[in-house]
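Enquirer:
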Amino acid sequence: MSNSKGFSIVRSGLTVATITLLAKVLSFVRDMLLARYYGATAFSDIVLTSTSLVLLLSVFIRSPFSAAYLPIATDVYLLKTDKDKERFFGSVYAVMVAAGLVTVCVDYFLLDFIITAFMPGFSGEDYLILKKMMIIQLPIVIFAFGGVVNYANLKVLNRFGISEISVGLITACFVLYLFVFKNSLPVYGIAWCMVMAYALNFVVGIVCVSVFGIKPRWSLNIKNFGNEFRPIFIAMIPFIVSSGAKEINVLADKAIASLLDKGSITMQSYASKMTVTEVGLIATAISAVIAAQASKYNSLKEKEKLDELVCSGLKFVNTLMIPCCVFTIILRKEIISVLFGHGAFTYENVVITANTMMIYAIGMLGNGFEEVLLNTMVATKHKRFPMVVSLIFIGLNIFLNFMLYKPFGIYGLAAASAFVAIAKVPCYIIYTNNKITKILEEKIIWSSVVRTFVASAISGTVCLLMKKLIVSLCDNDIVSLAISGGVGLLSLIVLLCLFGNEYALAVKGRLIRRK
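Going by my numbering, 326 is the number at position 329 of the sequence shown; the sequence numbering is gapless.
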């Protein structure tokens, strides 16, 4: 494999990761403020639940649309005339906004059913507050439908960084609201804030799409509607389950958590926050690049470049994801304490959240590989297999949740999610190897995995020993996290260089040249 091509993918992924990091920092600031003001309470559960419930039905359209649309839109952008492009992209926007309006109406009539089915533990005043917050937020469904078209079009244009800004923009509005009203937070003001944030995100997105090369002519072309959209609708069908699987699993976890003590949803959400962030910064960032590039290579029938792309993605993801898993487990208490252990968030909340995060962290190993392989399948138009796998594992996750939540509480929910995340990986590897690219024959990938595991285990041990030494001298979570984490990271980099990791050696080489 060409190193220059491999590092080109990494550089693009790092651009996305940098933008994602800024968005995640804002997201952590939001959750830190919520934890300080509300702790782990019924209202914090409502705040962390309302928006996802409003967008629940739309997930079954937006996510499949995004997955099916990217390769088709890439073909249109690369192969069609300017006039055909304007008509196609304009019709897409019109259809999706219309779909958003229909979904809002359906959402309104199904509100009680959605709350009862997915938040069975809510009752009385909590139920009424959640319902009113959802009613206020219904307009975000329309903006979310338009926003998903913006997101996909920016990927078609290879504007990966800008496509990732959307989440950060929405979160920035939320954080600003919390700062402005920190002394007296209106209960329903958060809902109004989310509506304005999604509206702003849509407007900014459509402007960026127009500026960078796609100028849609907004019109619903009834005459060509069937010919233009039939391929997208057909391609969406297999992804209706597979693309919505993660959201359903997250909501299933929250639904079961609502049956536990008040505040359980909050602690479960914060526990998964760190692992989701790490996966987003590493695996999701790289897979976003892979999805767009793989769509292009697949359209142009460039099989060799596609193989190199997948190999680079897997190597880079495992180089970072394995150490993240190890260090998250070792430093779990310090991480949660520094981020959320303030104000109304008690020490007991910190301990429960940290231990839950430790269990979720195990699943990161599976999530990293899944992101790369699933996006490869989506981009190369392999539709049925992800749907079948998602159906099986959604059912398994829900079954394990019901089996484990009573004896183990939110620890059981985390264990179910971690197990499912890891169990998916062999399925995706075997299918990708048989149908897309021979990754099982790429010894360089598996050699990299083994060496990274060894380096992570040794550096993790160094980190743990340093942590125990610091705790015996100074029981301060910030000091412990900074010093033990820093020493562990330094030892990891040294070990990766000794083991010949190409990315660590590249960083070392650039630092030497700068000196």
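For each residue, glycine too, the CB sits at the ideal point set by N, CA and C.
All values derive from a computational prediction rather than experimental measurement.
Taking the beta carbon of Met400 as the centre, do at least 16 other beta carbons fall within 10 Å, making it buried, or is it exposed?
Expert: Burial call: exposed.
Enquirer: Which ranges does the alpha helix (DSSP H) cover as unbroken runs of at least 4 residues, wholly within the region 407 to 445, from first to last along the chain?
Expert: The region 407 to 445 contains these whole alpha helix (DSSP H) runs: 407 to 432.
Enquirer: Output the distance between the C-alpha atoms of Ile326 and Met354, rounded to the nearest integer angstrom.
Expert: So the alpha carbons of these two residues sit roughly 8 Å apart.
Enquirer: With 16 other CB atoms within 10 Å as the buried threshold, where does Thr78 fall?
Expert: The residue is exposed, with fewer than 16 neighbouring Cβ atoms inside 10 Å.
Enquirer: Suppose you measure from the CA of Ser469 to the CA of Met463; what does that come to, to the nearest Å?
Expert: Going from the Cα of Ser469 to the Cα of Met463 covers about 10 Å.
Enquirer: How far does the alpha helix (DSSP H) with Phe324 in it reach, from first residue to last?
Expert: Looking at the DSSP string, the run of the alpha helix (DSSP H) that includes Phe324 is 300 to 327.
Enquirer: Which class does Ser(-1) belong to by DSSP, given the choice of helix, strand or coil?
Expert: Model confidence at Ser(-1) stands at a pLDDT of 48, short of 50, so the residue's coordinates are unreliable and nothing is read from them.
Enquirer: Given this structure, state the Cα-to-Cα distance separating Phe517 from Thr38, to the nearest angstrom.
Expert: Residue 517 cannot be examined here, being either before or after the span of the chain that is shown, -2 to 512.
Enquirer: Three or more C-beta pairs under 8 Å: does that hold for the region 366 to 376 against the region 322 to 342?
Expert: Too few Cβ pairs lie closer than 8 Å, so no.
Enquirer: With a 10 Å radius around its C-beta and 16 neighbouring C-beta atoms as the bar for buried, classify Val92 as buried or exposed.
Expert: Counting Cβ neighbours within 10 Å, Val92 comes out buried, since at least 16 surround it.
Enquirer: Thinking just about the alpha-carbon of each residue, which of Met116, Cys460, Leu466, Phe115 is nearest to the one in Val484?
Expert: Taking only the C-alpha atoms, the option nearest Val484 is Cys460.
Enquirer: Give me the Cα-Cα distance between Ile111 and Leu54, rounded to the nearest whole angstrom.
Expert: Straight-line Cα distance between these residues: approximately 9 Å.
Enquirer: Note down the Cα distance separating Val385 from Ile234, rounded to an integer number of angstroms.
Expert: Those two C-alpha atoms are separated by around 12 Å.
Enquirer: Within its chain, find whatever has a CB closer than 8 Å to the CB of Val51; leave out the 5 residues flanking it on each side and keep chain order.
Expert: Within the same chain, Val51 has close Cβ partners Asp104, Met131, Gln134, Leu135, Ile137, Val138.
Enquirer: Indicate the three-state DSSP secondary structure (helix, strand or coil) for Gly340 in the structure shown.
Expert: It is coil, neither helix nor strand.
Enquirer: Assign Ser309 to buried or exposed, taking buried as 16 or more other Cβ atoms, counted over all protein chains shown, within 10 Å of its Cβ.
Expert: Label assigned to Ser309: buried.
Enquirer: Please check if any C-beta of chain D sits within less than 7 Å of the C-beta of Val476.
Expert: Looking for chain D here will not work: only one protein chain is present.
Enquirer: Return the Cβ separation of Tyr185 and Asp28 in integer angstroms, given the expectation that the two are a contact with Cβ distance under 8 Å.
Expert: With 8 Å as the limit, Tyr185 and Asp28 do not qualify as a contact, their Cβ atoms being about 20 Å apart.
Enquirer: Less than 6 Å between C-beta atoms, sequence neighbours within five positions excluded: which residues of the same chain meet that for Cys322?
Expert: Excluding positions up to five away in sequence, the list reads Ala358, Met361, Leu362.
Enquirer: With a threshold of 6 Å on Cβ separation, who are the neighbours of Phe4 within its own chain once the five nearest residues in sequence on each side are excluded?
Expert: Residue placement at Phe4 is flagged as unreliable, the pLDDT there being 49, under the threshold of 50; the coordinate-derived value follows with that caveat. No residues qualify anywhere along the chain.
Enquirer: Apart from the five residues on each side of it in sequence, which residues of its chain come closer than 7 Å, Cβ to Cβ, to Lys293?
Expert: Closer than 7 Å at the Cβ level, and outside the excluded window around Lys293, lie Thr71.
Enquirer: Nearest-angstrom Cα distance between Asn246 and Ile427?
Expert: Computed Cα separation, rounded: 23 Å.
Enquirer: Could you tell me whether the Cβ atoms of Leu23 and Val172 are closer together than 7 Å?
Expert: A contact, by the Cβ cut-off of 7 Å.
Enquirer: Can you tell me whether Cys170 is buried or exposed, with buried defined as 16 or more other CB within 10 angstroms of its CB?
Expert: Classification for Cys170: buried.
Enquirer: Between the C-alpha atoms of Ile231 and Lys403, what's the straight-line distance to the nearest angstrom?
Expert: Going by the C-alpha atoms only, they are around 41 Å apart.
Enquirer: Quick one: measure Cβ to Cβ for Gly260 and Asp123, integer angstroms, because I've assumed they're closer than 8 Å.
Expert: Contact doesn't hold; Cβ gap of about 12 Å is too wide.
Enquirer: Once the 5 residues before and after Val446 are set aside, which same chain residues still bring their CB inside 6 Å of it?
Expert: Around Val446: Asn315.
Enquirer: What's the call for Ser444, buried or exposed, on a 16-neighbour Cβ count within 10 Å?
Expert: So Ser444 ends up on the exposed side.
Enquirer: If distances are taken between C-alpha atoms only, which option among Ala65, Phe142, Phe115 comes closest to Phe98?
Expert: Strictly speaking, residue 98 in this sequence is Leu, with Phe absent from that position. Taking only the C-alpha atoms, the option nearest Leu98 is Phe142.
Enquirer: Quick check on this structure: which residue in Ser60, Ile333, Ser488 has the alpha carbon closest to the alpha carbon of Ala229?
Expert: Checking the sequence, you will find Ile at residue 229 rather than Ala. Of Ser60, Ile333, Ser488, the residue nearest in Cα terms is Ser60.
Enquirer: Spatial neighbours of Tyr74 within its chain, please: C-beta separation below 6 Å, excluding the five flanking residues on both sides.
Expert: Only Val153 meet the Cβ criterion.
Enquirer: Exposed or buried, which one is Val347 when buried takes at least 16 other CB atoms within 10 Å?
Expert: Per the 10 Å Cβ criterion, buried.
Enquirer: Taking 7 Å as the limit between beta carbons, can you name the residues of its chain near Tyr35, skipping five residues before and five after?
Expert: Cβ neighbours of Tyr35 beyond the five flanking positions: Ser41, Ala341.
Enquirer: Can you name the start and end residues of the alpha helix (DSSP H) that Leu256 belongs to?
Expert: Note, Leu256: premise wrong, no alpha helix (DSSP H); not H, not E.
Enquirer: Going by beta-carbon coordinates alone, are Ala149 and Ser63 separated by less than 7 Å?
Expert: In contact: Ala149 and Ser63 (Cβ atoms closer than 7 Å).
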